[in-house]
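Reviewing the structure listed below.
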Amino acid sequence: MKKETKISHAVIRRMPRYRRYLNDLQKKGVSKISSSEFSRLIGYTASQIRQDFNNFGGFGQQGYGYNVTALHNEISLILGLDKEYKMVVIGAGNLGQAIVNYTYYYKSGFVVKGIFEINPELIGKKINGIEIFDYAYLEEYVRKNKIDIGIICTTKDNAQEATDKLSDAGIKGIWNFAPVDVGVSEKIAINNVHLSDSLHSLAYYINRRND
Ligand code: NAI
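To convert a position in the sequence shown, counted from 1, into our numbering, add 11.
So, in structure tokens, the structure goes:
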């Protein structure tokens, strides 16, 4: 793998998709795939795929195509999926509970260690075997347990404050679901997730088809 220079967000966003398709191919017992077959399957042009992979030194061989397992493993390494990440969820409402109950993350190395709440009726309960702690102890817990990722599932108004507490405690990444783009220092990675953005663009495409 070539030493990484600055790679665009668009390329990084495509990497998990490449990996998902390669994973499916592996499960079907496919060991190699030509760039044109891969292009047809995933819906990007062969030249787009080549350009994306060239950011990391390129993985294919002229006239051979791609080795499915090798490419899957390389992409996993690029994304940092060879490690385990410790996570906390802030806010144990509908969304927080759904995330904690979605065990796929755990199998792929993203493990929820604790959940934090301000609602006294929820504190002390467990979701999927994971305890809900008092929000007052968030910073101490994150520091002590070297938590990597904080998942913000609080109400909108409390999202920035929770993010600041996580930042002060040395968190490495924030996965924010609250409907506000929270700010963090440059040292901390952040992904703001807005499902409604995806739904609203779907509405656009539905309406455009009827033009
Ligand atoms: P909810 O009202 O069921 O749960 C919010 C929970 O956060 C409550 O239990 C509340 O006590 C707790 N909370 C509030 N401030 C807190 C703090 N400072 N520390 C710890 N806990 C705190 O809401 P729901 O449905 O679970 O949604 C959670 C958030 O996610 C909301 O901001 C909502 O708008 C957003 N959301 C975002 C989606 C997305 O696509 N990004 C999809 C669905 C919800």
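The beta-carbon is built from N, C-alpha and C at its ideal position, and this holds for glycine as well.
Residues near residue i in its chain [Cβ-Cβ closer than 8 angstroms; skip 5 each side]
| i | result |
| --- | --- |
| C164 | V100, I101, G102, A103, G104, L106, G107, I110, F188 and A189 |
| K43 | Y75, G76, Y77, N78 and V79 |
| N130 | A103 |
Simplified DSSP state of residue i, which is helix, strand or coil
| i | result |
| --- | --- |
| F127 | strand |
| R23 | The question names Arg, but residue 23 in the sequence shown is Ile. Three-state result, I23: helix. |
| F70 | coil |
| Y146 | helix |
| V99 | strand |
| K17 | coil |
| I89 | helix |
| G54 | coil |
| V153 | helix |
Paired residues, beta bridge with residue i - DSSP
| i | result |
| --- | --- |
| G181 | The partner list for G181 (beta bridge, DSSP) is empty, contrary to what the question assumes. |
| Y77 | I44 |
| K137 | E142 |
| N105 | For N105, which the question treats as bridged, DSSP gives no partner whatsoever. |
Closest residue to residue i among the options (Cα-Cα distance)
| i | options | result |
| --- | --- | --- |
| S119 | K167, K94, K39 and Q62 | K94 |
| A173 | H20, E128, Y55 and K137 | E128 |
| T166 | S209, V153, D192 and R25 | D192 |
| H83 | Y75, M26 and I217 | M26 |
| W186 | I158, G140 and S47 | I158 |
| R31 | K183, I18 and F49 | F49 |
| L52 | Q72, R28 and Q62 | R28 |
| Y96 | A170, L213, Y216 and V153 | V153 |
| V123 | I141, I134, E132 and G135 | I141 |
Residues of its chain near residue i, where Cβ-Cβ distance is below 7 angstroms and the 5 sequence neighbours each way are ignored
| i | result |
| --- | --- |
| K176 | L149 and E150 |
| K14 | With a pLDDT of 49 at K14, under the threshold of 50, the predicted position of this residue should be treated as unreliable, though the coordinate-derived value follows. If we look at K14 and ignore the five residues flanking it on each side, it has no Cβ neighbours. |
| N66 | I18 and V22 |
Neighbourhood of residue i by C-beta, 6 angstroms cutoff - its chain only, sequence neighbours within 5 removed
| i | result |
| --- | --- |
| S45 | G76 |
| L92 | none |
| A147 | none |
Distance cut 7 angstroms, beta-carbon to ligand 1 heavy atom: residue list by chain order: I101, G102, A103, G104, N105, L106, G107, F127, E128, I129, N130, L133, Y146, C164, T165, T166, K167, N169, A170, E172, A173, F188, A189, P190, V204, H205, L206 and S207
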